[in-house]
Amino acid sequence: MLSEGKLLLAVNICCFIPFHLVLAQLFPNSGLTSMYMIMVKVNDSGSKMLKISLLIPIYGVERYIEKCAHSLFSQTAKNVEYIFVDDCSPDSSITLLYRVLDEYPHRRNQVSVIRHPQNMGLAAARNTALEHATGKYVLHVDSDDYLEQNAVEVL
137 MLSEGKLLLA VNICCFIPFH LVLAQLFPNS GLTSMYMIMV KVNDSGSKML KISLLIPIYG
197 VERYIEKCAH SLFSQTAKNV EYIFVDDCSP DSSITLLYRV LDEYPHRRNQ VSVIRHPQNM
257 GLAAARNTAL EHATGKYVLH VDSDDYLEQN AVEVL
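In the working numbering, the protein residues as written are 137 to 291.
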């Protein structure tokens, strides 16, 4: 369940619809034109950068998880929380995730890995991650996708 004041960003990275148009449809007359505008406003006021939670479900992605994890841990944004949910992946996805994390020791305290007791499906994994998120904003990232190095900062 979302707590008051937390905005869910359910953005598909492969989507070609400009984000400001999505916000305009979701929040008409709210003055929200883009996430970039919100972040600039916060930074210009001199206040601390808002925490962003990246939520990543994991199941059977050993072919992709290393590239995904490298792209997440190398983000230029500093105030990021990474929540991975292992939905009882039958392959070595989690081992590979930890191997990549070892290359980014400065990110270790920002990473949580939660394991489901049994496979519960993608929706349940996303909900579990959302329940544990502490950021002001959340971004769902599929474990077979990757982000540009400054993607979170630009948002």
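Built from N, CA and C at the ideal position, the CB exists for glycine as well. The structure displayed is predicted, hence computed values, not measured ones.
Collapsed DSSP secondary structure at residue i in the structure displayed
i: E289; result: helix
i: Y195; result: coil
i: S189; result: strand
i: Y282; result: coil
i: E202; result: helix
i: Q211; result: coil
i: S229; result: helix
i: E267; result: helix
i: D238; result: coil
Residue i - partner residues in DSSP beta bridges
i: R251; result: D222
i: V216; result: I188
Nearest-angstrom beta carbon gap, residue j and residue i [assumed within contact, 8 Å]
i: P253; j: D223; result: Going by Cβ atoms, the distance from P253 to D223 rounds to 10 Å, so no, they are not a contact pair.
i: L191; j: R262; result: 6 Å
i: I188; j: Y273; result: 5 Å
### Task
Mind the definition here: the region 246–265 touches the region 202–220 only if three or more C-beta pairs lie below 8 Å; say whether that holds.
yes
### Query
Would the region 266–285 and the region 235–244 be scored as touching if the rule is three or more Cβ pairs under 8 Å?
no
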